[in-house]
Every structure is written in C-alpha cells, then in structure tokens.
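Converting from the sequence shown to my numbering requires adding 5 to each position, the first position being numbered 1.
A virtual CB, placed ideally from N, CA and C, is assigned to each residue, including glycine.
Note that this is a predicted model, so its numbers are computed, not measured.
In what follows, a structure is listed as structure tokens, so that the remarks can point back to it.
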Amino acid sequence: MYECCASKSIIQDVSSEEYHVKHGLREGSCLSPTLYATFLDAIVDKISDCSGISIGSFKIKIMLYVDDIVLLSDSPVDLQRMLDCCQEYADDHSFQFSFQKSQVVVFGDDVDYNYEWRFMGKTMTQSSHYKYLGMFF
6 MYECCASKSI IQDVSSEEYH VKHGLREGSC LSPTLYATFL DAIVDKISDC
56 SGISIGSFKI KIMLYVDDIV LLSDSPVDLQ RMLDCCQEYA DDHSFQFSFQ
106 KSQVVVFGDD VDYNYEWRFM GKTMTQSSHY KYLGMFF
C-alpha cells in the first residue's frame, strides 16, 4: 500500500532514528489487522491436507486472531507438516514468523514428548503452557 516510506517512533517526546519501510502498511495503520488477517487466511488452505484435532463432530486445525496463529494436531508428524506448510507460505509471500514467539505445547499423557519439531531451520522449544488471547493453556 505504501512504498519507500520513512517512519520513526515517538514515545514521550523521545524520537527513534528514522527507518525506511520498503513495502506494506505503516505501523499502527487501522487497515493492518484486516489486511493481515486476509493475507494469512490462505494458510488455512495450505494446511487443508493436515489432520488437526477432533472435538466432538468438529475438526479443528488452526486458530487465527490478528497476528496470532495456533496450529492444532493429534500427532507430531502432522504438526511438523503444518509447520512446513506455514514456512512454505511465508517463503512464497516474503514474510517471516517470529521464531522467538513460536513454541510447541503437548497436551495429554506425553508431556515430555520425545520429538524434535523444526521451524525456520531451527529446533522449536517445547513448553509446558502458552498464553493465547489472555488465557493460559
């Protein structure tokens, strides 16, 4: 939407250095959440062949809210396929996920799951819980 813009952040009268935004929306644009959700919605199609989990008669594979993504799977192999699909989508669309904010949480009997999930060329951290939309799981 904007190309070759210069921006800077101001917090309590203290300005950052100017930085260049080569493409995309300006930080804080009211269009950002809607356009980002529309942009990421295609990930749902990308993981269509993955299993997800069953809750009653519903099949759930992914939860999306603004820039938060939760992938749900009943097997480590299926989750790795989902991660690979997300990475392929990011590579194809020139964006990057935040590896520092990406974790795997295993629920159930296999809390210390002996599996190594890979994302962005790195081994992911397995955590005992995570916070999603203000709720701890």
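DSSP three-state assignment for F142, whether helix, strand or coil: The residue labelled residue 142 in the question sits at position 137 within the sequence shown. Here F142 sits in coil by DSSP.
Euclidean distance between Cα positions of F104 and L88: Here residue 104 refers to the residue found at position 99 of the sequence shown. Here residue 88 refers to the residue found at position 83 of the sequence shown. Computed Cα separation, rounded: 12 Å.
Where V82 falls, given that 16 or more other Cβ within 10 Å makes a residue buried: Position 77 of the sequence shown, counted from the start, is the residue given in the question as residue 82. An exposed status is given to V82, since fewer than 16 other beta-carbon atoms sit within 10 Å of its beta-carbon.
Span of the beta strand (DSSP E) around Q108: Walking along the sequence shown from the start, residue 108 turns up at place 103. Element bounds for Q108: Q108 to V110.
Euclidean distance between Cα positions of I67 and S34: Here residue 67 is taken as the residue at index 62 of the sequence shown, counted from 1. Here residue 34 is taken as the residue at index 29 of the sequence shown, counted from 1. So the alpha carbons of these two residues sit roughly 26 Å apart.
Proximity below 8 Å, CB of Q2 to CB of S132: This structure cannot speak to residue 2, because the chain is shown only from 6 to 142.
Q92 and F44 closer than 8 Å at C-beta: Stepping through the sequence shown from its first residue, residue 92 is reached at position 87. Stepping through the sequence shown from its first residue, residue 44 is reached at position 39. No. Outside cutoff.
Minimum C-alpha distance to D46 - residue among S59, I65, Y70 and C10: Numbered from 1 along the sequence shown, position 41 holds the residue referred to as residue 46. Among S59, I65, Y70 and C10, the Cα nearest to that of D46 belongs to Y70.
Neighbour-count burial assignment, Q101, 16 or more Cβ in a 10 Å radius: Taking the sequence shown and counting its residues from 1, the one referred to as residue 101 is at position 96. Q101 is exposed by the Cβ-count criterion.
CB contact flag (H134, V110, <8 Å): For the purposes of this step, residue 134 is taken as the residue at position 129 of the sequence shown. For the purposes of this step, residue 110 is taken as the residue at position 105 of the sequence shown. A contact, by the Cβ cut-off of 8 Å.
Inter-residue spacing [alpha-carbon to alpha-carbon] between V26 and S14: Looking up residue 26 in the sequence shown gives position 21. Looking up residue 14 in the sequence shown gives position 9. Approximately 13 Å, taken between the alpha carbons.
Residue nearest to Y41 in terms of C-alpha spacing, selected from A95, K127, F141 and G139: Here residue 41 refers to the residue found at position 36 when the sequence shown is read from its first residue. Nearest of A95, K127, F141 and G139 to Y41, Cα basis: A95.
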